[in-house]
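See structure below.
There are 2 protein chains.
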Amino acid sequence: MKLTNKKQNRKNLKFAILATDVVIFSIRENILNVLLIEINIPPYYKNIYGVPGGLILPEETAEDSVYGHMKNKAGIKNIDIEQLYTFSSVDRDPRGRVVSVAYFGLTTTVETSSSAKVYWKDVKKLPKLAYDHKGIIKKALERLKAKVGYTTIIKGLLPKEFTLSDLQTAYEVVLNKKFDKRNFRKKMLSFGFLKTAGAKQTGVANRPADLYKFSVGSTQTFDIFRS
Amino acid sequence: MKLTNKKQNRKNLKFAILATDVVIFSIRENILNVLLIEINIPPYYKNIYGVPGGLILPEETAEDSVYGHMKNKAGIKNIDIEQLYTFSSVDRDPRGRVVSVAYFGLTTTVETSSSAKVYWKDVKKLPKLAYDHKGIIKKALERLKAKVGYTTIIKGLLPKEFTLSDLQTAYEVVLNKKFDKRNFRKKMLSFGFLKTAGAKQTGVANRPADLYKFSVGSTQTFDIFRS
DNA sequence: GCAAAAGTGTTCTTTATACACCCATGT
DNA sequence: ACATGGGTGTATAAAGAACACTTTTGC
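Shown next, in the form of structure tokens:
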């Protein structure tokens, strides 16, 4: 962090533009989806998509910036995000040096009330993407898979109240792996981070399931799944 | 990552200076130490220490930058580092906006062949530090503790060949926790990431221990310690 | 021969896995 | 009455934890 103290040099040190990008995951129809947004930067990019993002302003932290861009460009607010990685390849933006601090977040909010072209896409069937966004999504997915194994982060993919089957499906979709129903339930309830919501499902054409909610506020660490 | 395409605006977007900081850990006399370097930025900082770091240059990635600063300022080279977190608080540097991409690394190289004032310090007895470096070290330590539990990262704290007692001590020092010798050895050998080096300790005033080395090159994930 | 760390097995407890049937509701 | 997903227990296997003595070397 040492930098020269000569004021006349400071201008030359400000060579890079700072940006943020955010990978937002959501489960739709039992498939893990990522939020994409149209990128239109002629002559470099047209008819192409990428993850939402944008500039960091002088008076903002990276995190402030992400919240603003999520809201303005994708209509997504009130979701928890966490820092993923900072991408600093010299040529990652065709217009010049742009260093991006990437974040990732989870949501159940499927509505994307925004004027921009925004859509959800199966993470396994991504189209060609702008910039290094494919690599950013790949890294976010790795992080998500790792974190569901030792934290309660899965909470972000579920509504406030959910059934144990919903919870199981969420894990199965993220980890791409099936679990035994009885063992799954035993294990989940043993952790103590769930409590019954005191109600049952309604309007289903089968026996209604008990509803549960998380009894912990923020993401906590547990030993959830090992492999 | 969308940014305005108007060239005349791009200069105003370059408001921040980019820097890297690196937290280097090493075990010395059964204590986890961190490498500190004198920070001298009058009138803001004098007689104060912090972790090594410095500017990112226009043609460098953050990672390139860290390797350069580690070598030039602390005389440390040939160590593996990984990205830790990007610190972007607006006021973290008294001279203006500096966004720092922080890294952390492990080493056994205790010699710090450098002209700058560089020294190793017990992570539990840190003095007052410049900038937000105390927070950076705290985050690095959390990451290190987490990663020894599910990767072979501990390798970075050990010489090429080491005894099982050395390995146990390394885990104990990092996790601040004692292990049972027999159970520890059984478990470590069961993973298969160790192999005998075919030699024994020499010059010790007790029964010489077998030497081992890691049979894996880079850091790999295993289920090493749960709690 | 003594001090110092190395090396080594067994028992018990806890956790994980495999597995199949009846239940409550909507249509 | 039937189709659909909900809800439950037990037996076996695997992993983790607790625990003490003999061995090899330098001095």
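Protein chains in written order, with the numbering used here: chain A, 1270 to 1496; chain B, 1270 to 1496.
A virtual CB, placed ideally from N, CA and C, is assigned to each residue, including glycine.
Cutoff 8 Å: residue i Cβ touching any chain B Cβ
i, result
"T1488 of chain A", "no"
"R1502 of chain A", "Not covered by the structure: residue 1502 of chain A. The range shown for chain A is 1270 to 1496."
"V1443 of chain A", "no"
"S1358 of chain A", "yes"
"F1491 of chain A", "no"
Pair within 8 Å by beta-carbon distance, residue i and residue j
i, j, result
"R1366 of chain B", "P1363 of chain A", "no"
"L1480 of chain B", "Q1489 of chain B", "no"
"K1386 of chain A", "L1395 of chain A", "no"
"F1494 of chain A", "G1418 of chain A", "yes"
"F1356 of chain A", "D1391 of chain A", "no"
"K1283 of chain A", "K1393 of chain B", "no"
"A1285 of chain B", "V1368 of chain B", "yes"
"W1389 of chain B", "L1304 of chain B", "yes"
"I1422 of chain A", "V1320 of chain A", "no"
"Y1440 of chain B", "F1448 of chain B", "yes"
"T1377 of chain A", "L1433 of chain A", "no"
"T1330 of chain B", "S1358 of chain A", "yes"
First through last residue of the alpha helix (DSSP H) which encompasses residue i
i, result
"D1479 of chain B", "No alpha helix (DSSP H) holds D1479 of chain B; the beta strand (DSSP E) holding it covers 1479-1483."
Proximity test, Cβ basis, 8 Å: residue i and chain A
i, result
"I1286 of chain B", "yes"
"L1282 of chain B", "yes"
"P1327 of chain B", "yes"
"A1331 of chain B", "yes"
"Y1336 of chain B", "no"
"T1355 of chain B", "yes"
"V1368 of chain B", "yes"
"Q1437 of chain B", "no"
"Q1277 of chain B", "The predicted model places Q1277 of chain B with a pLDDT of 48, which falls under 50 and marks its position as unreliable; any figure quoted below should be read in that light. For Q1277 of chain B, the answer is no, since every Cβ of chain A falls outside 8 Å of its Cβ."
"Q1470 of chain B", "no"
"V1417 of chain B", "no"
"L1324 of chain B", "yes"
"S1434 of chain B", "no"
For residue i, the first and last residue of its enclosing beta strand (DSSP E)
i, result
"G1344 of chain A", "G1344 of chain A -> no beta strand (DSSP E), and no H or E assigned at all."
"L1463 of chain A", "1463-1469"
"G1374 of chain A", "1367-1375"
"N1302 of chain B", "1300-1310"
"A1288 of chain B", "1286-1297"
"Y1313 of chain A", "First-last for Y1313 of chain A: undefined, no H or E at that position."
Neighbourhood of residue i by C-beta distance below 6 Å, restricted to the same chain and skipping five residues each side
i, result
"A1409 of chain A", "V1292, L1353, F1373"
"F1491 of chain B", "F1460"
"P1477 of chain A", "K1469, Q1470"
"L1324 of chain A", "A1288"
Cβ shell of residue i (< 7 Å), same chain only, five flanking positions each side left out
i, result
"I1350 of chain A", "V1291, V1335, Y1372, F1373, G1374"
"N1274 of chain A", "The predicted model places N1274 of chain A with a pLDDT of 49, which falls under 50 and marks its position as unreliable, so this point remains unresolved."
"Y1314 of chain B", "I1308, A1399"
"A1466 of chain A", "E1430, L1480, Y1481, K1482"
"G1486 of chain B", "none"
Cutoff 8 Å; reference residue i; Cβ partners in own chain excluding five residues on either side
i, result
"E1380 of chain B", "G1344"
"S1484 of chain B", "G1461, F1462, L1463, K1464"
"N1302 of chain B", "F1294, S1295, I1296, W1389, K1390, D1391, V1392"
"R1361 of chain B", "V1367, S1369, Y1400, D1401"
Margin query: Threshold first: 4 residues or longer. Then list the alpha helix (DSSP H) segments lying entirely within the stretch 1398-1455 of chain B, N to C.
Written below: 1402-1417, 1433-1444
Next item on the list: Tell me the start and end of each unbroken beta strand (DSSP E) in the stretch 1315-1354 of chain A that is at least 3 residues and wholly inside, in chain order.
Entry: 1322-1324
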